[in-house]
Amino acid sequence: MSEFHCLDIEFPDVDFSPYYIKSKTEIDKIHHAHLFARTDEIELRIFYDDESYFGEKLSVWSDTVDYKKFGSFIKVKATENHTNERIQKIDISEAKLCGLSSGSNYYEGNKKYVIVKIDTVKFYWNPNEENKNTAEFYLDDKGFRVVNPFYGTFGPKTFFKNDGKFEISRMNDSKKFYKLGKSSFRPEFNVYSKDNKKDRTATIIKEPKIQFKYQNGVTEKEAIFYGDVVLMLASFYHHIKIDYTLRRIHLPENTITIKNIEEKNYYDTSGNLWGFEIHWNFNTFLQSSWQKETLKNFELLSKAITLFNQSHLVDNSSAFLIRYNIIEICDKQKQSKEKFTLTLNKKQRKAKQDEALSKLLETIKSTEHEEFKKRWQNVQSLLQNKPMKIQLISFLENQNLDPKTFPVSIKDLKELRDNITHGSIDKVNIETLRKSNILLYRISGILILNLMGIKDWKLNTEIK
């Protein structure tokens, strides 16, 4: 089997002519390319005529666009030269640009090539009838903390072979699948052996994954979405961004594989729900009633949880601002305006208002009377409304949090936010910042739990 996939690509909406004008020939509309999907990198070798200087033009052009949207500029053309007849199509439209290089020795035959490193690629294969309506979403190394608790201590009797496949005995209370929309899922280990006849030992390897089962009629979009939901839950519970390295989705019409490059250099953190007075393991967390509200609030939760995990990777001032921002993101309420009770009819009220206006005009310079009257019209409608609570206090009370019990007052939190935002670091009390960070960590986590529909939390207002 070839170590790469052959494909033809084009940049249909890109004009390369203004970039690197040394070229002597026109750039081909369609370029042949080799795609290498290795364990730790995804490499695209794009071939071109040396005298067109396409590699140099591509390099200059790539510096002018958002690297996160690089794949959206590329269209993979239908071709029968995939080097694997089971492949229906290849999609790199979601790929980010990770690197680009061109060298004087980058030749195959009489064709030069430029190497483009990307972070993801999606393959559509002919369907696998045996595994239809199932999927395996493989987790990165951080995913071991997700799967490990579902298994007992590993020992000589832990592994057993079933129908030629290695399996690991699960904990008795963790064998069930959890319902999610048109799917059900559970964390598992994929186990396989690696052996060489010349070696005295064989190696058993385990990979963390989320195993899915689907109802008939599930779509590709739904399958990917359910995987994103589970990943979001795991990332929030463990307080760290966890990713998939490979997703293999078996649908009736095709099998879809999505490969992502794993992040190797990361700042490791760990967490649970204890800071919110919920002493659950991840298994118990998944058994709680989170499905309905989490699906409804997915977009808002995605933003909040991304920031929540980011707050663990930065300095104290930045962490405070991020956690304060989570509260603002979660606050989507609109306060209803409560009006004063009126005792006069409309005609009587107008007479009193005109009388009041006349008295007020006596205090204003005559040349500015007309301007004041316009202002008076706006003020009259505002005066009919009762004073409202501070928006932040109203929101927190609506979330069953009582600001009067906080170890740091709302006034002090807002003042601290303003001082950090405006660079008045000399006004920031380090001890107040420390306590505020702990408080906002607890509050932001509770707000996320509320968005999931989980109400088992308690706010610990004691900070030592």
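Everything in the sequence shown is counted per my numbering, starting at 774 for the first residue and increasing by one.
C-beta atoms are modelled at their ideal positions from N, C-alpha and C, and glycine is treated no differently.
All of these numbers come straight from a predicted model, not from anything done at the bench.
Report task. Starting from Val889, follow the beta strand (DSSP E) in both directions and report where the run begins and ends. Result -> Here the question's residue 889 lines up with position 116 in the sequence shown. Start and end: Lys884 to Ile891.
Query raised in the report: Quick one: what does DSSP say Trp1230 is sitting in, helix, strand or coil?
Result: Reading the sequence shown from its first residue, position 457 is the one you call residue 1230. Trp1230: coil per DSSP, three-state reduction.
Query raised in the report: Anyone know if the C-beta pair for Asn1027 and Pro900 falls short of 8 Å?
Result: The residue given as residue 1027 occupies position 254 in the sequence shown. The residue given as residue 900 occupies position 127 in the sequence shown. Yes; because the gap between Cβ atoms is below 8 Å, this pair is in contact.
Query raised in the report: What are the uninterrupted segments assigned as alpha helix (DSSP H) that are 4 or more residues long and contained completely in the segment 973 to 1042, given in chain order?
Result: 993 to 1011
Query raised in the report: Opposite Arg959 in the DSSP bridges: which residues?
Result: On the sequence shown, residue 959 is found 186 positions in, with the first residue counted as 1. Beta-bridge pairing links Arg959 to Gln984.
Query - Extent of the continuous beta strand (DSSP E) to which Ala806 belongs - result: Within the sequence shown, numbered from 1, the residue matching residue 806 stands at position 33. Ile803 to Ala810 is the span of the beta strand (DSSP E), which, as asked, contains Ala806.
Query raised in the report: Roughly how many angstroms lie between the CA atoms of Asp1001 and Gln1153, to the nearest whole one?
Result: For this step, residue 1001 is matched to residue 228 along the sequence shown. For this step, residue 1153 is matched to residue 380 along the sequence shown. One C-alpha to the other measures close to 51 Å.
**Report entry** Which residues DSSP lists as bridging Gly872, in chain order
**Finding:** By 1-based counting over the sequence shown, the position of residue 872 is 99. Answer is Lys890.
Requested in this report: Please list, in chain order, all residues of the same chain as Asn1054 whose beta carbon is under 6 Å from its beta carbon, the five residues on each side excluded.
Outcome: Along the sequence shown, read from residue 1 onward, the residue named residue 1054 stands at position 281. Hits under 6 Å: Pro922.
Query - Closest residue to Ile1031 among Tyr1010, Glu993 and Leu1006 (Cα-Cα distance) - result: Here the question's residue 1031 lines up with position 258 in the sequence shown. Comparing Cα-Cα distances from Ile1031 to each of Tyr1010, Glu993 and Leu1006, the minimum goes to Glu993.
**Report entry** Rounded separation between Lys979 and Ser1043 - CA only
**Finding:** As a first step, residue 979 is located in the sequence shown; it is residue number 206 there, counting from the start. As a first step, residue 1043 is located in the sequence shown; it is residue number 270 there, counting from the start. C-alpha separation (whole angstroms): 21 Å.
Query - Reference Asn989; option with closest CA among Met1225, Phe1093, Leu1024 and Phe1145 - result: As a first step, residue 989 is located in the sequence shown; it is residue number 216 there, counting from the start. The residue with the shortest Cα to Cα distance from Asn989 is Leu1024.
Query - Inter-stretch contact at 8 Å, needing at least 3 Cβ pairs: the segment 1136 to 1147 / the segment 1202 to 1216 - result: no
Query - Bounding residues of the alpha helix (DSSP H) (the contiguous stretch that carries Glu903) - result: Position 130 of the sequence shown, counted from the start, is the residue given in the question as residue 903. Run containing Glu903: none; DSSP gives neither H nor E here.
**Report entry** Whole-angstrom C-beta distance between Leu873 and Leu1074, which should lie under 8 Å
**Finding:** Numbered from 1 along the sequence shown, position 301 holds the residue referred to as residue 1074. Numbered from 1 along the sequence shown, position 100 holds the residue referred to as residue 873. Going by Cβ atoms, the distance from Leu1074 to Leu873 rounds to 35 Å, so no, they are not a contact pair.
**Report entry** Supposed close pair Arg959, Tyr951 - CB separation, criterion 8 Å
**Finding:** As a working mapping, residue 959 is identified with position 186 in the sequence shown. As a working mapping, residue 951 is identified with position 178 in the sequence shown. Confirmed, about 6 Å.
Query raised in the report: In chain order, what residues of the same chain lie with their CB nearer than 6 Å to the CB of Lys848, ignoring the 5 residues before and after it?
Result: As a first step, residue 848 is located in the sequence shown; it is residue number 75 there, counting from the start. For Lys848, where only same-chain residues beyond five positions count, the Cβ hits under 6 Å are Glu783 and Pro785.
Query raised in the report: Going by beta carbon distance, what residues of the same chain come within less than 7 Å of Ala810, once the five residues before and after it are set aside?
Result: Along the sequence shown, read from residue 1 onward, the residue named residue 810 stands at position 37. Only Val894 and Lys1032 meet the Cβ criterion.
Query - 4 or more residues per run - each alpha helix (DSSP H) lying fully within the segment 1101 to 1170 - result: 1119 to 1134 and 1142 to 1156
Query raised in the report: Mind checking Tyr821: buried by the 16 CB within 10 Å criterion, or exposed?
Result: Locating residue 821 in the sequence shown gives position 48, counting from the first residue. Answer is buried; the Cβ neighbour count reaches 16.
**Report entry** Whole alpha helix (DSSP H) elements within the segment 1182 to 1218, 4-residue minimum
**Finding:** 1183 to 1194
Query raised in the report: From the DSSP output, which residues share a beta bridge with Arg1096?
Result: Translated into positions along the sequence shown, residue 1096 becomes position 323. Partner(s): none; Arg1096 has no beta bridge.
Query raised in the report: When the Cα of Ile1216 is compared with those of Glu961, Ser957 and Gln1172, which residue comes out closest?
Result: For the purposes of this step, residue 1216 is taken as the residue at position 443 of the sequence shown. Answer by Cα proximity: Gln1172.
Requested in this report: With Leu1059 as the anchor, note down where its alpha helix (DSSP H) starts and where it stops.
Outcome: Against the sequence shown, residue 1059 aligns to sequence position 286. Taken as a continuous stretch (DSSP letters only), the alpha helix (DSSP H) holding Leu1059 covers Phe1055 to Gln1060.
Report task. Have a look at Phe846, Phe1049, Glu1072 and Ile1198 and flag the residue whose alpha-carbon is nearest the alpha-carbon of Leu1213. Result -> Taking the first residue of the sequence shown as position 1, residue 1213 is located at position 440. Comparing Cα positions, the closest option is Phe1049.
**Report entry** Buried or exposed (CB count within 10 angstroms, at least 16 for buried), Ile803
**Finding:** Counted from its first residue, the sequence shown places residue 803 at position 30. Exposed is the call here.
Query raised in the report: Looking at the structure shown, is Phe777 part of a helix, part of a strand, or coil, going by DSSP?
Result: Position 4 of the sequence shown, counted from the start, is the residue given in the question as residue 777. Here Phe777 sits in coil by DSSP.
Report task. Grab me the residues of Thr798's own chain with a C-beta within less than 8 Å of its C-beta, minus the 5 sequence neighbours each way, in chain order. Result -> Numbered from 1 along the sequence shown, position 25 holds the residue referred to as residue 798. Answer for Thr798: Asp822, Glu824 and Ser825, listed in chain order.
**Report entry** Delimiting residues of the alpha helix (DSSP H) encompassing Arg818
**Finding:** Start at 1 with the first residue of the sequence shown, and residue 818 comes out as number 45. Unbroken run through Arg818 is the beta strand (DSSP E), Ile815 to Tyr821; no alpha helix (DSSP H).
**Report entry** Alpha-carbon to alpha-carbon, Tyr1040 and Arg1190
**Finding:** In the sequence shown, the residue the question calls residue 1190 occupies position 417. In the sequence shown, the residue the question calls residue 1040 occupies position 267. So the alpha carbons of these two residues sit roughly 26 Å apart.
Query raised in the report: Rounded to the nearest angstrom, how far is the Cβ of Ile1166 from that of Pro1180, given a contact under 8 Å?
Result: Taking the first residue of the sequence shown as 1, we reach residue 1166 at position 393. Taking the first residue of the sequence shown as 1, we reach residue 1180 at position 407. The pair is not a contact, with the Cβ atoms about 16 Å apart (cut-off 8 Å).
**Report entry** Pairwise C-alpha distance: Ile815 and Thr1194
**Finding:** The count along the sequence shown starts at 1 and reaches residue 1194 at position 421. The count along the sequence shown starts at 1 and reaches residue 815 at position 42. Looking at the two C-alpha atoms, the distance is approximately 40 Å.
Query raised in the report: Does the beta-carbon distance from Leu1080 to Ile1100 come in below 8 Å?
Result: Working through the sequence shown from its first residue, we reach residue 1080 at position 307. Working through the sequence shown from its first residue, we reach residue 1100 at position 327. No, Cβ-Cβ distance for Leu1080 and Ile1100 is not below 8 Å.
Query raised in the report: Under a three-way DSSP split, which group does Arg918 fall into?
Result: Locating residue 918 in the sequence shown gives position 145, where the first residue counts as 1. Of the three classes helix, strand and coil, the one that applies to Arg918 here is helix, per DSSP.
Requested in this report: Grab the span of the alpha helix (DSSP H) containing Val833 for me, first residue to last.
Outcome: Here the question's residue 833 lines up with position 60 in the sequence shown. Phe827 to Ser835 is the extent of the alpha helix (DSSP H) around Val833.
Query raised in the report: Among residues of its own chain, excluding the 5 on either side of Lys930, which ones have a beta-carbon nearer than 7 Å to its beta-carbon?
Result: To locate residue 930, count along the sequence shown from 1; it is residue 157. Note that Lys930 scores a pLDDT of 48, beneath 50, so its modelled location is shaky; the value from the coordinates is reported in the next line. Answer for Lys930: no residue qualifies.
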